[in-house]
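The structure appears below as structure tokens.
Number of protein chains: 2
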Amino acid sequence: MKRKSAQARRVEVLGETLKQIREHGMLTMRIADVATAMDVSPGLIIYHFETKENLLAEALQHAAERDLLKLRRVMREADSPATRLMAALDWYAPTGQARGWQIWVDAWSAALRDKALSKVLADLQDQWTKEIAAVIDEGVAAGLFRVGDAHDAATRITALLDGLAVRLLVHKGAFKRDELRGWLVGQVAWELGTEESALRSPEASSRPS
Amino acid sequence: MKRKSAQARRVEVLGETLKQIREHGMLTMRIADVATAMDVSPGLIIYHFETKENLLAEALQHAAERDLLKLRRVMREADSPATRLMAALDWYAPTGQARGWQIWVDAWSAALRDKALSKVLADLQDQWTKEIAAVIDEGVAAGLFRVGDAHDAATRITALLDGLAVRLLVHKGAFKRDELRGWLVGQVAWELGTEESALRSPEASSRPS
DNA sequence: GTACAGACTGAACCGTCATTCAGTAAGTAT
DNA sequence: ATACTTACTGAATGACGGTTCAGTCTGTAC
């Protein structure tokens, strides 16, 4: 078998662990499955992570960091506050089988009884909200948005998205994905005192002339 | 030991199961603990419910029915559409240790991999949304509210509440409980085209003269 | 090439439950 | 009283799966 540096192996294990969490759930996922999928022995996982609990915590942390990096990349690619904001929300919103979302719902539940996980989630939420609040502030500074408190508005907007996402996960037929999109646009327009047309689609506002 | 009718015993077991779920989580809760708490043998639980999976599904169903009854009772006690709506939302909102909420977050997570649970949750969500939509319609008929689609508005309002509740569960210090209340009032006022003062507090609108 | 560190194996171990089952006893009908 | 149903016991069972550990192997340093 191939040998790898501890660092590289750990990252590899974390990735496979996240896959297994998505497939089998955070608590019901088995170390043996992670090992099998990597064509490696169960002992190796414990060798690198000590305990399953530890593995899960590090996997979540890893996923959180990955998501935050991705969020920043997504936002960097848009060129105005309005498009940046919508790009972030569109990425956050559940799409397809909502791969990413399942992990966070599992995590919410597990975090109810695990302080370490709870900390990871709280930090993630804070970062997310701050990123969104920053774009809003940017829009306010540019005279595009009007808002009482950017951080509060960011909290409400992302909370609405969380709530709608969960509904869709639990009950696929509750509403359509583009209804969700439309509601989100309406909410943002209201929160930020701007025109829906400025948010409606990436194209619409990236060609303002 | 006391013998009871199967019916009575089942209800008793379901109640204790819900307590154990709140304390230890849906998946990690043990049948032995339910039995011990009831001063009864583990075999009894299986005797009445066949399997743990079955027990959990029935417990959730039981909780859902309990909550719906409670919701209707809460709403019946208020006397105008505005107070009825806010009474429902206030009861739904997480308070104190958010006892009720933990179960539903666990359930969301478990439902990702279990069709039976998923069905229970989907039905519960539908019922909830319909109840809220009905009050909104009532308000519209009375000329108090103005809204595009009552069911959609109800979905958005309850989704926002779900999202905010989860945030509070995960990160207690994210915001204050009365901030949540305030945001909710603002959202409802906007959705329904009414005055915040009509919703602000139960007293305010139950003494309209 | 020799030595060493540290990645890795995989079989065995062991605690933890859900579930089984043979038996007991409390109600009920006759 | 007698027979019968059905709630209930509690010790045994068996599967599952995280963790251990003694030993192997591989890359690297000298």
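Quick mapping for you: the protein sequence lines, in order, are chains A and B.
In terms of the working numbering, the first sequence is residues 244 to 452.
In terms of the working numbering, the second sequence is residues 244 to 452.
The beta-carbon is built from N, C-alpha and C at its ideal position, and this holds for glycine as well.
For residue i, I'd like the list of residues in its chain whose CB is within less than 6 Å of its CB, leaving aside the five on either flank, ordered along the chain.
{"i": "residue 345(B)", "result": "265"}
{"i": "residue 281(A)", "result": "259"}
{"i": "residue 435(A)", "result": "388 and 390"}
{"i": "residue 273(A)", "result": "none"}
{"i": "residue 311(B)", "result": "370"}
I need the boundaries of the alpha helix (DSSP H) containing residue i, first residue and last residue.
{"i": "residue 427(A)", "result": "420 to 435"}
{"i": "residue 352(A)", "result": "342 to 354"}
{"i": "residue 327(A)", "result": "324 to 335"}
{"i": "residue 394(B)", "result": "393 to 413"}
{"i": "residue 376(B)", "result": "358 to 384"}
Residues of chain B with a CB under 8 Å from the CB of residue i: which are they?
{"i": "residue 349(A)", "result": "352 and 355"}
{"i": "residue 345(A)", "result": "355"}
{"i": "residue 361(A)", "result": "413 and 414"}
Which same chain residues, not among the five before or five after residue i, have their C-beta less than 7 Å away from its C-beta?
{"i": "residue 257(A)", "result": "301, 302 and 305"}
{"i": "residue 298(B)", "result": "260, 288 and 292"}
{"i": "residue 451(A)", "result": "Note that residue 451(A) scores a pLDDT of 39, beneath 50, so its modelled location is shaky and nothing firm can be said."}
{"i": "residue 428(B)", "result": "439, 442 and 443"}
{"i": "residue 253(A)", "result": "291"}
{"i": "residue 348(A)", "result": "409 and 412"}
{"i": "residue 269(B)", "result": "299, 349, 350 and 353"}
{"i": "residue 422(B)", "result": "none"}
{"i": "residue 432(B)", "result": "438, 439 and 442"}
{"i": "residue 295(B)", "result": "274"}
{"i": "residue 285(A)", "result": "274, 275 and 278"}
Residue i touches chain A at which residues, Cβ-Cβ below 9 Å?
{"i": "residue 389(B)", "result": "Per Cβ cutoff of 9 Å: no residues; residue 389(B) is ~15 Å from chain A at best."}
{"i": "residue 364(B)", "result": "413 and 414"}
{"i": "residue 299(B)", "result": "Those within 9 Å of residue 299(B) in chain A number zero; the least Cβ separation is about 13 Å."}
Name the chain A residues whose beta carbon is nearer than 8 Å to that of residue i?
{"i": "residue 410(B)", "result": "368, 398, 402 and 405"}
Roughly how far, in whole angstroms, is the beta-carbon of residue i from the beta-carbon of residue j, given that I think they are within contact range, below 8 Å?
{"i": "residue 374(B)", "j": "residue 318(B)", "result": "7 Å"}
{"i": "residue 403(A)", "j": "residue 430(A)", "result": "6 Å"}
{"i": "residue 368(A)", "j": "residue 363(B)", "result": "Not confirmed; about 28 Å, so no contact."}
{"i": "residue 314(A)", "j": "residue 331(A)", "result": "6 Å"}
{"i": "residue 406(A)", "j": "residue 366(B)", "result": "Going by Cβ atoms, the distance from residue 406(A) to residue 366(B) rounds to 18 Å, so no, they are not a contact pair."}
{"i": "residue 324(B)", "j": "residue 385(B)", "result": "6 Å"}
Name the chain B residues that come within less than 7 Å of residue i, Cβ to Cβ?
{"i": "residue 304(A)", "result": "Here the premise fails: no neighbours, minimum Cβ distance about 15 Å."}
{"i": "residue 426(A)", "result": "399"}
Using a Cβ-Cβ cut-off of 8 Å (strictly less than) and excluding sequence neighbours within five positions of residue i, which residues of its own chain qualify?
{"i": "residue 360(A)", "result": "299, 300, 303, 350, 353 and 354"}
{"i": "residue 338(A)", "result": "420"}
{"i": "residue 396(A)", "result": "376, 379, 390, 434 and 435"}
{"i": "residue 424(B)", "result": "333 and 336"}
{"i": "residue 247(B)", "result": "255"}
Output, in chain order, the set of chain B residues within a Cβ distance shorter than 9 Å of residue i.
{"i": "residue 417(A)", "result": "365, 368, 369, 372 and 398"}
{"i": "residue 268(A)", "result": "270, 352, 353, 355 and 356"}
{"i": "residue 334(A)", "result": "Under the 9 Å cutoff, chain B gives no residues; its nearest Cβ is about 17 Å from residue 334(A)."}
| beta strand (DSSP E) runs contained entirely in the region 245 to 314 of chain A, provided each spans 3 or more residues | Those beta strand (DSSP E) runs which fall completely within the region 245 to 314 of chain A and span 3+ residues do not exist here.
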